[in-house]
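Numbering (the working numbering), first residue to last: 1 to 208.
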């Protein structure tokens, strides 16, 4: 199977690396920055290792890049201090910085299409309704797992827990995080399923 070099992955990688370095240099709290950008450090090598055998659609690569930017901004300032979050709080008349909710929205928005692509191209699920159900279930499982990891890390690092968790005194923070991931997943599927299907057909035809 012959594949063209993944231009979208190359562009994203060349953009992410200097942005990642810049965000680290300007990080408010270095420990928090490392924890917040860790998913990028894990995902980027995996994308390069797997692109020959399983290249993703341009749509998914683009959304992964956007998600990485959200994580880098949150890591640089810590989620409770992101300037754009304060603007959102003012516009929406909120009592707290909601940028962490933006992050959790993307935690559902982007993984939903990644899961969808794997399921569709692998022909693991039949029927659009079952596909949506499985994708949303996967997103909720990812969200719940991330909350458990946050809890474990917060216990381990103790003093840095407040910056990493970014709860800002919200006792329902975990539940609302998962809700935003659910909203992100359903929004992603509603907006991009048709475009995603067309790109999947295109990438499969190039691989034959």
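Note that CB positions come from ideal geometry on N, CA and C, so glycine has one too.
The three-state reading of DSSP puts residue 61 in helix, counting H, G and I together. Under the three-state reduction of DSSP, residue 78 is assigned to coil, being neither helix nor strand. Take residue 117, set aside five residues on each side of it, and the residues of its chain with a beta-carbon closer than 8 Å to its own are 56, 57, 60, 196 and 200, in chain order. In the structure shown, residue 175 adopts helical secondary structure according to DSSP, grouped into three states.
Spatial neighbours of residue 92 in its own chain (CB-CB distance under 8 Å, excluding positions within 5 residues in sequence) are listed in chain order as 98. Ranked by Cα distance from residue 76, the options 53, 88 and 100 are led by 100. Under the three-state reduction of DSSP, residue 98 is assigned to coil, being neither helix nor strand. In the DSSP assignment, residue 87 falls within the unbroken alpha helix (DSSP H) covering 83-91. In the structure shown, residue 19 adopts helical secondary structure according to DSSP, grouped into three states.
Taking 8 Å as the upper bound for CB-CB distance, residue 190 and residue 108 are not in contact here, some 12 Å apart.
Looking from the CA of residue 114, the closest CA among 142, 90, 155 and 103 belongs to 142. By the CB criterion at 8 Å, residue 64 and residue 12 fall inside the cutoff. Counting only residues of its own chain and dropping the five nearest sequence neighbours on each side, residue 138 has a CB closer than 6 Å to the CB of 115. A Cβ-Cβ separation of about 20 Å leaves residue 29 out of contact with residue 104 under the 8 Å criterion. Between residue 49 and residue 204, the alpha-carbon positions lie close to 19 Å from each other. Taken through DSSP and simplified to helix, strand or coil, residue 109 comes out as helix. Under the DSSP assignment, residue 41 falls in the alpha helix (DSSP H) whose first and last residues are 30-50. In this structure, the straight-line span from the alpha carbon of residue 24 to that of residue 154 is close to 20 Å. In this structure, residue 72 lies near residue 19, with their beta-carbon atoms less than 8 Å apart.
The beta carbons of residue 40 and residue 21 sit about 12 Å from each other, so the pair does not count as a contact at 8 Å.
At the C-beta level, residue 112 and residue 43 stay beyond 8 Å of one another.
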